[in-house]
Amino acid sequence: MRVESPYSPISEPSSWWLKGLAIFMGVISLFMVLGTFSAIASPVLVDRLLPDNYEEIEPYPVNGSEEEKAEWGENEVFWDELVEYYDEMMGLVELQGLHSAILAFVGLFSTVVLWKGDRELGIKLVGAWIGINTLGGAGLFWMMSRIGFIPDFANSNQDVEVIDLSFIENLTLVIGGGQIIICNGIFLAILALVSMKSKPEVVLRE
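Note that numbering that gives the first Met the number 0 has the sequence shown beginning at 0, numbered continuously upward.
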């Protein structure tokens with residue numbers, strides 16, 4: 000049995016509101032696809048270009064002086080810390096790739112749905128995309144802050160003592176957090192505008 004709505008549309012909004020959002024999501028999703036491939040390739044490239052053993056870069060000076068051996072030992076410690084830091088960062092990059100892949104899938108799906116004119120589902124998908132982007136981005140940023148925006152060995156480097164690295168860390172934290180809030184706030188504002196402009200105007204039937 001068909002149930003008729005007591006409301007009837009008095010004007011149809013332009014279909015280009017939904018199609019415009021579809022194009023916008025499509026472009027962003029392409030960047031997410033590129034980000035996914037980049038996240039997959041980066042650990043592989045770093046693993047190939049970054050030797051685990053410092054002796055592959057500079058052989059141990061067996062016949063060298065005590066000063067040369069001590070300097071080599073310091074360089075080895077520095078290299079091991081550098082490799083450990085990059086290993087942690089590459090693990091985070093892999094998670095970032097997974098996050099980008101999910102965003103690409105949801106974004107491309109919403110692109111198709113919006114282009115076909117399915118307003119309700121399309122708006123919900125874009126809203127879900129914004130939620131995933133916000134929560135995932137905040138989580139990744141938090142994990143990166145735990146690893147450290149600046150490696151620990153840089154803090155003990157006498158050459159950089161004149162720079163307040165803790166200030167740089169805090170500034171990076173504020174800028175990164177603000178970027179997540181502002182970017183997703185803009186996305187949410189765009190979604191709200193399209194949702195309002197694409198909604199048919201209705202009038203109650205007599």
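For each residue, glycine too, the CB sits at the ideal point set by N, CA and C.
Subject >> DSSP-derived helix/strand/coil call for E66 >> reply: helix
Original post:
By Cβ distance below 7 Å, which residues in the same chain neighbour P42 in space, the five residues on each side in sequence not counted?
Top reply: M89, V92, E93
Original post:
What residues in its chain sit with their C-beta under 8 Å from that of I146, if we drop five residues either side in the sequence?
Top reply: Y84, E87, M88, L91
**OP:** Report yes if the C-beta distance between A21 and W128 is below 8 Å; otherwise report no.
**Re:** no
Original post:
Between the C-alpha atoms of I179 and D46, what's the straight-line distance to the nearest angstrom?
Top reply: 30 Å
**OP:** State the Cα-Cα distance for the pair I181 and L102, rounded to the nearest angstrom.
**Re:** 18 Å
Subject >> K196 versus L170 - alpha carbon distance >> reply: 39 Å
Original post:
On the three-pair Cβ rule with 8 Å, is the region 68-78 touching the region 49-56?
Top reply: yes
Subject >> Any 3 or more C-beta pairs closer than 8 Å across the region 55-71 and the region 116-133 >> reply: no
Original post:
Nearest to L172 by alpha carbon, out of S144, V193, K198?
Top reply: S144
Original post:
Given a threshold of 16 other Cβ atoms within 10 Å of its Cβ, counted over all protein chains shown, does P199 qualify as buried or as exposed?
Top reply: exposed
Original post:
Given that a residue counts as buried once 16 or more other Cβ atoms are within 10 Å of its Cβ, and exposed if not, what is L190?
Top reply: buried
Subject >> Cβ neighbours of M24 in the same chain (closer than 6 Å, five flanking residues each side left out) >> reply: G106, S109, T110
Original post:
Closest to L29 by CA distance: which of F104, Q95, A40, P12 is it?
Top reply: F104
Original post:
By a C-beta neighbour count over all protein chains shown, 10 Å radius and 16 as the cutoff for buried, is V193 buried or exposed?
Top reply: buried
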